[in-house]
Structures are given as structure tokens and as C-alpha cells.
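Colleague: Here it is: the structure, laid out below.
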Amino acid sequence: MILLGELALWIALPVGVWGAVAGFVGGRKERGDLVLSAEYSVYAVFFLLILPSAGIITAFVTDSFEYWYVANYSNRELPTFYKVAGLWAGQRGSLVFWALLLSFFSAAAVFTNRTKNREFMPYAVGVLLTISSFFLVVLLFADVNPFERLPFAPADGRGLNPQLQNYWMTIHPPTLYLGFTSFTIPFAFAMSALLSGKLDARWIVITRRWILLSWFFLANGIIFGMRWAYEMLGWGGFWFWDPVENASLLPWLTATAFLHSIQIQENRGMLKVWNMGLVTLTFLLTIFATFLTRSGLIESVHTFAENTTIAFIFLTFMGVMAGLSALLIAWRYPLLKSENQIDSFVSREGAFLFNNLILLGAAGSILWGTLFPLISEYFTGQAMAVGPPFFNRVNLPIGLALLALMGIGPVIGWRRASRRNLVKNFLMPVIVGTLVVGALFLRGVDHGMALLTFGLSAFVMTIIIVEFVKGTKARAHIEGEGHLVALYHLVSRNRRRWGGYIVHVGVVMIFTAFAGVAFNREVVQTIDPGETITIESPFGHEYALTYQGLSSPRGENMVRQAVALMTVERSGRPVEPLTAEKVLYVKWEGSPLTIVGINSYLLEDLYLILENVNDLGGAFENDAAAQRATFTVQVNVFVGWIWYGGFVLTLGGIIAMWPSRGLTRTVSRPKTKTGGKQPALAARG
Amino acid sequence: MVGVTLVVAGVILFVMLPVLRGDWAALESPDDDVTDVDARKQAALRGLRDAEYDFLTGKLDQADYQLLKSDLSREALEAMEEEVSAGPAEDEGFSKDGVTRSAKRSSPDGDGLEAEIARVRKGMAEGRTCTECGHLNVKKSRFCTGCGERLGEVATLAGSPDSV
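Shown next, in the form of C-alpha cells:
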């Protein structure tokens with residue numbers, strides 16, 4: 032199996048290259064046989080990439096340490112669960128995984144379009160296989176072959192980085208990769224539209240669901256990563272503006288902009304060049320995300336760089352793709368001219384345009400901050416990193432502006448809005464937002480930015496609720512339906528719109544959670560067993576955590592484990608006890624890993640970190656005298672709303688993506704064979 | 321080694337089969353879910369639906385709504401006329417309510433959009449849809465209640481579905 036997987040990589044490359052060439056030539060020369068061969072190549076590459084993926088997993092599960100990749104990312108005691116996830120634990124495997132997902136989505140796109148949108152397929156397949164071939168070239172020629180053998184087989188491997196030994200490891204990276212790779216499909220169709228000159232609204236209609244799907248996976252991948260960081264890293268937070276975190280956020284921001292701006296093209300025939308630019312930029316940013324992780328050019332907790340050769344290969348690829356896309360857009364510029372002009376900036380398209388500019392502004396500032404160490408090193412010879420204060424300062428006003436636009440956009444009609452209507456529609460939400468700010472201020476909340484966030488959140492939520500209520504009433508009135516039935520039909524008849532509103536609710540919840548950070552409380556204390564740490568919540572509860580002592584059980588794959596137990600009282604009533612841990616894993620004898628304890632409530636989390644044990648060695652030996660420890664106890668306000676908001680966002684995304692009845696129809700069109708060539712092509716046959 | 325040889329042979333055969341046998345993939349799909357005309361029609365009809373919703377929920381006032389509806393109706397009608405003049409597809413025809421089967425098939429938003437198509441087309445057939453503002457008037461209207469335009473010529477201009 033392993034050998035077959037290794038050889039399959041070598042077979043996949045010529046098949047991918049052949050398919051790419053056949054796609055482009057078939058499209059140019061209108062050769063249906065070449066196009067069909069190209070499409071079969073997509074299926075073949077997918078099949079061939081299953082083999083190395085299965086080969087890598089087999090190598091991990093069977094402890095085949097003669098392979099460099101397995102020897103460096105696994106060990107005998109590593110649970111099977113993590114051995115399977117070893118496929119994406121390191122650079123080499125994750126490149127195979129990326130190529131596998133890309134080939135899977137490519138095969139899905141070819142299969143779902145086997146009887147429709149045929150005009151776009153030759154070039155789309157050409158682009159998809161070119162990108163797949165690029166990844167295969169990297170795998171085979173950039174010194175990152177996952178099947179590279181060591182001169183001898185070590186008795187055991189180095190083990191998996193302890194930070195990756197968490198169940199989120201099996202969820203977060205694959206979800207992000209699904210988002211990154213699936214965005215290649217809209218990009219391929221966009222390039223196909225440019226190459227074929229079919230630049231009407233079709234390519235957007237065809238790829239709309241792909242864009243949503245990619246956005247959906249990226250959003251969930253980012254939220255899963257936040258949860259992982261919150262549980263695992265023990266830094267007491269969920270987002271650190273780490274370069275690779277930023278790299279995952281960048282394509283999400285531009286994809287969000289794109290999701291809004293395509294509506295302007297669909298409804299008004301405007302922003303065609305802009306949309307082409309955005310789809311290209313988003314695709315390039317997905318490649319940038321993997322480039323940053325692999326290049327080693329910027330320090331990050333996520334990086335698994337092995338050599339910088341790969342950085343230059345990726346940079347060259349991104350440069351070529353950006354240049355070709357720009358040339359294609361310039362070539363087709365006459366076909367991309369707007370059919371209309373914006374009538375008034377006080378309109379939905381105006382709001383979407385501002386939304387786009389703000390999202391791109393956010394992406395630009397984050398990109399600048401992320402690359403600043405490289406830029407500063409280039410000009411001054413010294414790498415200077417900008418930290419969270421820079422990102423927070425720049426992105427806070429941007430985020431608030433976006434929040435405001437989330438409320439404003441849906442209430443303004445297309446083309447223009449009269450002052451009377453604006454007043455009518457905004458009066459109640461503005462009053463509610465102001466009342467919320469006033470009420471919170473009177474209750475002693477005096478943090479300006481947090482107040483503004485809560486006020487804007489209330490404003491947006493009011494608008495969304497009013498939208499649902501008015502829409503349901505209007506439908507109930509027109510159709511004579513009951514209100515629940517009317518609500519169901521309202522959403523199901525225009526899922527994209529109402530699903531989008533539900534996504535906005537999720538985003539508002541997440542913004543509210545971000546604002547909650549301003550009210551977090553923290554106590555750091557060194558104590559002995561029997562002593563108590565107290566901390567007051569901003570909501571008036573008092574938590575009392577009584578230290579019961581350290582114990583040292585030994586779990587699977589762990590050398591040492593020191594678990595501190597705290598009994599907890601919330602305003603005098605006993606609640607779930609908390610544990611916090613220091614863990615040393617087999618093969619990773621460096622700094623012990625911190626695992627936090629969390630008690631979650633609707634409005635806040637009680638968060639316990641075992642910062643330090645005075646005599647950790649003694650604690651690991653269950654020494655009764657080595658129990659003194661330093662704890663950080665935090666009350667994290669609204670943090671749970673990030674996860675609740677994530678659920679709501681997921682629900683909205685699913686509603687928006689759910690196929691309408693009209694689109695589930697498939698045309699049964701028999702494949703044209705030699706005897707049944709299309710009339711236009713028969714003469715060539 | 322035998323397995324590898326089999327995989328290589330199988331893949332080459334699979335990929336090259338269309339070229340060897342002369343099997344051709346379709347390079348056009350006239351009965352696509354989405355054609356250019358379809359896409360424009362859908363966009364216009366979706367715009368109509370949204371405009372109506374925005375008007376009913378108070379986001380658009382009467383004047384803006386009529387103006388918007390007029391533009392969108394014209395776009396939708398032009399797309400539908402273009403679709404009809406392009407000739408019916410092999411299984412295309414008109415149902416009793418005047419909605420093309422292809423329109424029914426390609427509707428992306430289900431019944432709502434179909435109803436819009438039916439409404440516009442039926443109004444067109446009966447001379448009730450104003451070509452100036454797109455307003456759908458009650459039967460036997462002589463003047464548009466939306467903009468005051470005379471409606472008599474509409475049926476002649478647009479034609480009736482049955483006559484196409």
C-alpha cells in the first residue's frame with residue numbers, strides 16, 4: 032500500500048499535466064475527445080491521490096519509521112487517533128492532503144457539470160489540473176516527498192508535537208483545508224469565463240454555491256481554531272494575531288467581500304472587473320496561507336517549515352498566477368465594462384461597496400502587519416514584528432464600521448433610498464441601540480468601544496428581527512398563510528437572503544463576545560492545598576476556588592502529568608470542580624504543555640490555568656511536599672458567544688447554501704459519442 | 321509490482337479512452353440550467369421579487385418602487401422575449417398559464433420566481449403589464465394605475481404567448 036501510494040504520486044503528475052494540456056487544447060480547438068480525456072484525468076488524479084494519502088496513514092498506523100515523515104511526526108505510543116491525523120500533522124503529509132482535497136473538489140465540479148455548463152468546462156478543467164499539477168510538482172521536486180526513506184529505520188519516532196495532541200487536531204486543519212481548496216473551483220470557472228470570453232452572469236450563477244461552501248468551511252475552520260487555542264494553548268485567549276491565524280482570516284475577508292459584491296453584478300451588472308479581481312485575490316490568498324505555513328519566513332506557532340526552497344516555488348507560482356490573471360482581465364476588459372452606473376451611494380449597492388472597501392481595508396492592514404517582519408528586515412536588516420496592539424487598534428474601528436453596515440445594508444433598497452424611508456426604517460433600531468448604550472452606561476459600563484459595540488449589535492439585531500417580522504407579516508397578508516407557515520415559506524423561497532441574515536446574527540454574537548473581553552477579570556496567585564482564590568465576575572457572582580492538591584496519573588503517550596484539582600463555589604453554591612494540568616509527552620521532554628480547566632456559563636467562562644508548579648519534578652512523583660503552585664484564574668465575559676455565534680453562523684450558511692427545488696433538477700443528457708457528435712463538431716471529427 | 325503495473329495501465333487506458341475511441345464530451349449545452357438569457361431573466365425577476373418585498377416592508381417608497389419595477393420588468397421582459405425568439409428547445413413549449421417549461425425548469429428560487437414569471441407573462445398576454453413602469457394592472461384596464469400610460473398597445477407590442 033505504501034509503495035503503491037508513493038508510485039501513485041509519480042503517476043498522478045503526468046496524468047495531471049496531460050489533463051491540463053488536453054483541457055486547454057480541447058477548449059481552444061473544440062476537440063470534445065480531448066476535453067473528455069481531460070475530465071477523466073481529473074477523476075484519475077483524484078483516485079491516484081487517494082493512494083498516497085492511504086499510504087501515509089498506513090505508514091503511520093504500522094509505525095513505519097523508515098520513512099522520514101513518520102519518524103518525525105509519530106511514535107509507537109501515539110494513539111491511533113492521532114496517527115491517522117498524521118496525514119496533515121506536518122508539511123509533507125499536509126501537502127498531499129491539500130492536493131487530495133483539491134482533486135476531490137475538482138472531481139465533484141466535473142461530475143456535477145457533466146451535462147451542463149459545458150462551455151466552461153474545458154478551460155475550468157485545464158485550470159484545476161494546472162493547480163493540482165503544481166502541488167504534485169512541489170511534492171515530488173521540492174524535497175518534501177512524504178515517502179522519503181531514512182538510511183536506517185529508528186526503533187521509535189520523535190513523536191507528535193504535544194500541542195497537536197488534541198481532538199481539535201482532527202477537525203480544525205481539515206475544515207480550513209476544505210475552505211482553502213474549494214475556493215479553487217470559483218477561481219477556475221472565473222478564469223474559464225475570461226479565457227472563453229463568456230463573461231455574462233453565468234460563471235457567478237454556476238459558482239455561487241461553491242463560493243458559499245468555501246466561505247462556510249473557512250468560517251468554521253477559523254472558529255474551530257479559536258476554540259482549540261482557547262482550550263489548548265493556555266494563553267487565556269482565542270486569537271493572537273499569529274501570522275498563520277491571520278493567513279486563514281485573509282481569504283475569508285476577501286471571500287466575504289466577494290459574496291456581497293457578486294450580488295451587485297447579478298442585480299445591476301456592475302463591478303465585473305472588481306469581482307474578477309476579488310476571486311483571483313481570494314484564490315491567491317488561499318495559496319498564500321499555505322505558503323506562509325510552509326515558508327518558514329515568518330515565526331508562528333503553526334509553522335511547519337522545513338526548507339525555504341518551497342517558499343520560492345510558492346512565490347513564483349503565486350506571481351505567475353497573479354500575472355496571468357491580470358493579463359486575462361486586461362485582455363477581456365471591453366467585455367467586463369459595467370452595464371449600469373451606481374445611481375446613489377445611499378442604496379444597497381452603495382452599502383455593499385462600502386462593505387467591500389472596509390473588508391479589503393481590513394485584509395490589507397492584516398496582510399501588512401503579518402508581512403511587516405519581512406518588510407522591516409528587507410529595509411533595515413532587522414525583523415520587527417507588530418503585535419496584537421497594532422492589529423487591535425487598526426481592526427477595531429474597521430470591525431465596528433462593518434457591524435454598522437451589516438445593519439444598514441439590508442434596510443436600504445437597491446438603486447436608491449429616500450430620506451423618508453431611511454428615517455422610517457432606521458428610527459426604531461437607532462432608538463433600541465441608543466437605549467441599550469444608555470442602560471449599560473447607567474449600570475456602570477464605561478468602556479467606550481465596548482459600549483459602541485453593544486449599541487451597534489443591538490441596532491443590527493433589531494433590524495434583523497424587524498426584517499423577519501415584517502417579511503412574515505407581508506407574506507402572511509399576501510398569501511393568506513399562518514405566521515409560522517409564512518415564516519417557513521419566506522425563508523425557503525429566498526434562502527440566500529434569509530440565510531444571510533441568520534449569518535449576520537451569528538456575526539453579531541461573535542462581535543458581542545469580542546467586546547466582552549474588555550470586562551474580563553484575572554487573578555494570579557500562588558497557593559498551597561486548602562487555600563482559596565476568589566474572583567468576582569462583572570455580573571456580580573463571586574467564584575471561590577479551593578485548591579485540593581496535585582496528583583500525577585499517567586495517560587496514554589504521556590511521560591508525566593500533574594493535575595491540579597480545584598473545588599469551585601459560585602456565589603456560595605458548589606458547582607463543577609475544575610482541573611488544570613501540566614503534561615509532558617513521550618519524546619517531547621521540553622517545556623510541559625498546559626491544559627486549562629473551563630466552566631462555561633451563558634454569559635461567562637471560569638477559566639483556570641496551572642501557570643507553574645514550584646517543584647514540578649516532585650509533583651510528577653506525587654511528592655506531598657511539592658504541591659505549591661501558581662494559578663491564573665480568569666472570568667472571561669461572553670466568550671461562549673463566539674461558539675454559539677459559530678453555530679448560528681453555520682445554520683445560516685447551511686440555509687443559504689441549501690439547494691432550491693428549481694436547481695435540484697438534472698438534465699439527463701446522454702454523452703455524445705462518435706456516432707452522435709454535436710452537429711457543429713461533426714465535420715471536424 | 322503487479323499491482324502498480326495494473327494501476328498504471330488502468331489509469332492510462334481510462335484517461336486515453338475518449339481519444340482512442342473518439343468519444344466526445346459535449347462542448348455546448350443548450351438546455352443548460354443557466355444560459356445567458358436565463359441568468360439575466362433570473363436576475364431581473366429576483367430583483368422584481370426583492371423590490372416588491374422592499375416596497376411591502378417599507379424600504380422603498382411608491383415612486384422609487386415604480387421606477388425600479390419599471391426597469392426590472394423591462395429587463396425581465398426583454399430576456400423572456402429573447403428566449404422566445406431564440407426558438408423553443410426540443411422539449412420546450414408553453415403551459416396553460418403561459419409559463420415556458422424551460423422557465424419553470426430553470427427557476428432558481430422555486431415557486432416564487434415561477435409565480436413572478438407567470439404573473440409578468442400573463443399580464444403581458446392580457447395587456448395588463450405596463451411597458452413603461454412594469455406595473456401589473458387589473459383586468460380590462462385601459463390605463464396603467466402605476467404611471468398613467470395607455471395600455472391598449474401593450475398586447476400588440478408584446479404579443480400573446482399563444483401566438484408565438
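Line order of the protein sequences matches chains A and Z.
With the numbering used here as the guide, the letters of the first sequence map in order to residues 32 to 716.
With the numbering used here as the guide, the letters of the second sequence map in order to residues 321 to 484.
Glycine included, each C-beta is placed from N, C-alpha and C at the ideal position.
Looking at the C-beta of A:K455, does it have a partner C-beta in chain Z at a distance below 8 Å?
Modeller: Proximity of A:K455 to chain Z, defined by a Cβ-Cβ separation below 8 Å, is satisfied.
Colleague: Using beta-carbon positions only, say whether A:G444 and A:V491 come within less than 8 Å of one another.
Modeller: no
Colleague: With DSSP collapsed to three states, give me the class of A:A660.
Modeller: Looking at A:A660 - three-state DSSP - the assignment turns out to be strand.
Colleague: Would you mind reading off the limits of the alpha helix (DSSP H) that contains A:T340?
Modeller: T340 to W362
Colleague: If contact is defined by three or more beta carbon pairs under 8 Å, each pair taking one atom from either stretch, is the stretch 314-322 of chain A in contact with the stretch 206-222 of chain A?
Modeller: Segments in contact, yes.
Colleague: Between which two residues does the beta strand (DSSP E) carrying A:L576 extend?
Modeller: Judged by DSSP secondary structure, A:L576 falls within the beta strand (DSSP E) whose first and last residues are E573 to S582.
Colleague: Determine the chain A residues that contact Z:M336 at a beta-carbon separation under 8 Å, and present them in chain order.
Modeller: S68
Colleague: For A:W272, which residues of its own chain have a beta-carbon under 6 Å away from its beta-carbon, when the five flanking residues on both sides are left out?
Modeller: Short of 6 Å from the beta carbon of A:W272, and not among the five residues preceding or following it, lie these beta carbons of its own chain, in chain order: P419 and F422.
Colleague: Rounded to whole angstroms, what is the Cα-Cα separation between A:A173 and A:L346?
Modeller: Whole-angstrom Cα-Cα distance: 13 Å.
Colleague: Give every residue of the same chain whose Cβ lies closer than 6 Å to the Cβ of A:S356, excluding the five residues on either side of it in the sequence, and list them in chain order.
Modeller: T311
Colleague: For A:Y409 and chain Z, any beta-carbon pair shorter than 8 Å?
Modeller: no
Colleague: From the DSSP output, read off the bridge partner residues of A:D636.
Modeller: A:S631 and A:N667
Colleague: Count the other C-beta atoms from every protein chain shown that fall within 10 angstroms of the C-beta of Z:G432, then say buried if there are 16 or more, exposed otherwise.
Modeller: Model confidence at Z:G432 stands at a pLDDT of 49, short of 50, so the residue's coordinates are unreliable; what they give is reported in the following sentence. Per the 10 Å Cβ criterion, buried.
Colleague: On the DSSP bridge list, what partners appear for A:R552?
Modeller: A:V666
Colleague: Just the Cα atoms here: how many angstroms apart are Z:E412 and Z:E372?
Modeller: Confidence in Z:E412 is poor, its pLDDT being 35 and thus under 50, which makes the residue's placement too unreliable to answer from.
Colleague: Could you check the C-alpha separation between Z:D343 and A:M307 for me, to the nearest Å?
Modeller: 34 Å
Colleague: Please list the partners that Z:L376 has in chain A, where partner means a Cβ-to-Cβ separation under 7 Å.
Modeller: A505
Colleague: How long is the line joining the alpha carbons of A:A656 and A:A184, rounded to whole angstroms?
Modeller: 43 Å
Colleague: Report yes if the CB atom of A:E37 is closer than 8 Å to the CB atom of A:P110, and no otherwise.
Modeller: no
Colleague: With C-beta atoms as the reference, is A:G684 less than 8 Å away from A:L243?
Modeller: yes
Colleague: Give the residues of chain A in contact with Z:L380, contact being defined as C-beta atoms less than 7 Å apart.
Modeller: Neighbours of Z:L380 on chain A, chain order: G444 and N452.
Colleague: What residues of chain Z sit near A:N298, judged by a beta carbon separation below 7 Å?
Modeller: Chain Z residues near A:N298: A363 and G367.
Colleague: Report the three-state DSSP secondary structure of A:V644 (helix, strand or coil).
Modeller: strand
Colleague: Hey, out of A:P690, A:L647 and A:K501, whose CA is closest to Z:L376's CA?
Modeller: A:K501
Colleague: Please state whether the Cβ-Cβ distance between A:G54 and A:G121 is less than 8 Å.
Modeller: For A:G54 and A:G121, no; Cβs fall outside 8 Å.
Colleague: What does A:E567 pair with, by DSSP beta-bridge criteria?
Modeller: A:E573
Colleague: In terms of residue numbering, what span does the alpha helix (DSSP H) encompassing A:V127 cover?
Modeller: First-last of the alpha helix (DSSP H) with A:V127: Q122 to T143.
Colleague: My assumption, with CB atoms under 8 Å, is that A:A116 sits in contact with A:A155. Please give the rounded CB distance.
Modeller: The beta-carbon distance between A:A116 and A:A155, rounded to whole angstroms, is 32 Å. This is too long to meet the 8 Å contact definition.
Colleague: With H, G and I counted as helix, E and B as strand and the rest as coil, what does DSSP make of A:P623?
Modeller: In the structure shown, A:P623 sits in a strand (DSSP, three-state: E or B).
Colleague: Which chain A residues sit within Cβ distance under 8 Å of Z:A329?
Modeller: The premise fails here: Z:A329 is roughly 11 Å from chain A at the closest Cβ pair, so nothing lies under 8 Å.
Colleague: For Z:R394, decide whether its Cβ has a neighbour in chain A, counting only Cβ atoms nearer than 8 Å.
Modeller: no
Colleague: Got a sec: is the Cβ-Cβ distance from A:L170 to anything in chain D below 8 Å?
Modeller: Note that chain D does not occur in the displayed structure, where the protein chains are A and Z.
Colleague: Can a CB atom of chain A be found closer than 8 Å to the CB of Z:A371?
Modeller: yes
Colleague: If you draw a straight line from the C-alpha of A:F322 to the C-alpha of A:F136, how long is it?
Modeller: 20 Å
Colleague: How about A:G547 and A:V670: do their beta carbons lie closer than 8 Å?
Modeller: yes
Colleague: On the premise that A:A90 lies in contact with A:V33, defined as a C-beta separation below 8 Å, what is that separation, rounded to the nearest angstrom?
Modeller: For the sequence presented, residue 33 of chain A should be read as Ile rather than Val. With 8 Å as the limit, A:I33 and A:A90 qualify as a contact, their Cβ atoms being about 5 Å apart.
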